[in-house]
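Going by this note's numbering, the first residue of the sequence shown is number 907, and it counts up by one from there.
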Amino acid sequence: RQGVGEPSVYHAVVVIFLEFFAWGLLTTPMLTVLHQTFPQHTFLMNGLIHGVKCPPHWSIVRCVGQKVIPSPHCFLHLCAYTSAQDQPVVCNDSSRRWYFAVISMSGVFAVTFSVIFAYVADITQEHERSTAYGLVSATFAASLVTSPAIGAYLARAYSDTLVVVLASGVALLDIGFILIAVPESLPEEMRPVSWGAPISWEQADPFAVIGFSSETVATFIGVVGILSILAQTVVLGVLMRSIGNKNTILLGLGFQILQLAWYGFGSQQW
């Protein structure tokens, strides 16, 4: 079997931590590049870039989840590579416009979080799945607690180039870990023999952050990360045991509705 040991949740945890730690380091340099290239429409372009990813993102999730795609493992290679490809371009002053195209392409294919969930689903039993998902989500949050602040500090103390080099190194480490250490989630006889239905282009998920400085973005991501760790590791387990799976989902959806409504009515950063 390819990889180190049997497939486990810990393989998924390492991949998620490394990828989003690298991504978090680039929060400040990415916004700097966009501001220099599109000074009048910085956050609009940021939203458009991230919005490009969503139609193929959800289609790939559907394909992997329904086992239309032969293996999540092969998609991890693609996702990790495309997540990393835009990072060296950030510090290249002669290719600011190319950065828009490269990071958009990165967004189209870099759906590691969703593919990791498919990987975890393959290697866990149903009764273990919520705990495993919580561990992966908490790791994702933990990787974003400090990395934006570290990136902002290094960019201010040294340079954006140092941050980009560090993030690129972490991303390359992630790619190497997937290539060498991560085993296939399913044995060969259980994998689909062919690719299934074509990707649907029906959904979009544009994202834009408006009115936040680089320090505020780093602080916001850190606070959300800490709260996510608590929610995924403590609150989720308590709710699952006390009110059951269905009611936990309904409660979560209710809070999400409240959150989205608050976005619509809120007029202050707090």
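For each residue, glycine too, the CB sits at the ideal point set by N, CA and C.
In whole angstroms, what is the alpha-carbon distance linking Val1129 and Ala918?
Position 223 of the sequence shown, counted from the start, is the residue given in the question as residue 1129. Position 12 of the sequence shown, counted from the start, is the residue given in the question as residue 918. If you take the alpha carbons of Val1129 and Ala918, they lie about 23 Å apart.
Could you tell me the boundaries of the alpha helix (DSSP H) in which Gly1075 lies?
Numbered from its first residue, the sequence shown carries residue 1075 at position 169. Gly1075 -> alpha helix (DSSP H) spans Asp1066 to Ile1086.
Would you check if there are 3 or more beta carbon pairs closer than 8 Å linking the segment 1031-1046 to the segment 1134-1154?
yes
Quick check: the Cα distance between Ser1036 and Ile1029, rounded to an integer number of angstroms?
As a first step, residue 1036 must be located in the sequence shown, where it is residue number 130. As a first step, residue 1029 must be located in the sequence shown, where it is residue number 123. Going by the C-alpha atoms only, they are around 13 Å apart.
Is the beta carbon of Phe1083 closer than 8 Å to that of Val920?
As a position in the sequence shown, residue 920 is number 14, starting the count at 1. As a position in the sequence shown, residue 1083 is number 177, starting the count at 1. In contact: Val920 and Phe1083 (Cβ atoms closer than 8 Å).
Suppose only complete runs of 3+ residues qualify. What are the beta strand (DSSP E) ranges in the segment 1024-1051, listed by chain order?
none
Would you please state the rounded distance, in angstroms, between the beta carbons of Ser1049 and Gly930? I believe it to be under 8 Å.
As a working note, residue 1049 is residue 143 in the sequence shown. As a working note, residue 930 is residue 24 in the sequence shown. Going by Cβ atoms, the distance from Ser1049 to Gly930 rounds to 6 Å, so yes, they are a contact pair.
Taking the straight line between their C-alpha atoms, what separation do you get for Tyr1064 and Phe1161?
If you number the sequence shown from 1, residue 1064 lands on position 158. If you number the sequence shown from 1, residue 1161 lands on position 255. About 41 Å.
Note down the Cα distance separating Leu1079 from Val1070, rounded to an integer number of angstroms.
For the purposes of this step, residue 1079 is identified with residue 173 of the sequence shown, where counting begins at 1. For the purposes of this step, residue 1070 is identified with residue 164 of the sequence shown, where counting begins at 1. Taking the straight line from one Cα to the other gives about 14 Å.
Between Leu1166 and Leu1157, is the Cβ-Cβ spacing less than 8 Å?
Locating residue 1166 in the sequence shown gives position 260, counting from the first residue. Locating residue 1157 in the sequence shown gives position 251, counting from the first residue. Contact flag unset, no.
Three-way DSSP call (helix, strand, coil) for Glu1121 in this model
Position 215 of the sequence shown holds residue 1121. Correct three-state label for Glu1121: helix.
Using the three-state DSSP reduction, which class does Glu925 fall into: helix, strand or coil?
Numbered from 1 along the sequence shown, position 19 holds the residue referred to as residue 925. Of the three classes helix, strand and coil, the one that applies to Glu925 here is helix, per DSSP.
Under a Cβ-count criterion, where at least 16 other Cβ atoms within 10 Å of its own Cβ denotes burial, should Thr1045 be classed as buried or exposed?
Mapped onto the sequence shown, residue 1045 falls at position 139. By the 10 Å Cβ count, Thr1045 comes out buried.
Phe927 versus Pro945: straight-line alpha-carbon distance, rounded
Working through the sequence shown from its first residue, we reach residue 927 at position 21. Working through the sequence shown from its first residue, we reach residue 945 at position 39. Roughly 27 Å between the two C-alpha positions.
If I measure Cβ to Cβ from Leu932 and keep anything under 6 Å in the same chain, skipping five residues before and after, which residues do I get?
What you label residue 932 is simply residue 26 of the sequence shown in a count that begins at 1. Closer than 6 Å at Cβ, skipping near neighbours: Ala1073.
If you run the structure through DSSP and keep just helix, strand and coil, what is Gln1165?
Mapped onto the sequence shown, residue 1165 falls at position 259. Note: Gln1165 maps to helix in three-state DSSP.
Is the separation between the beta-carbon of Ala1058 and that of Thr934 shorter than 8 Å?
As a working mapping, residue 1058 is identified with position 152 in the sequence shown. As a working mapping, residue 934 is identified with position 28 in the sequence shown. A contact, by the Cβ cut-off of 8 Å.
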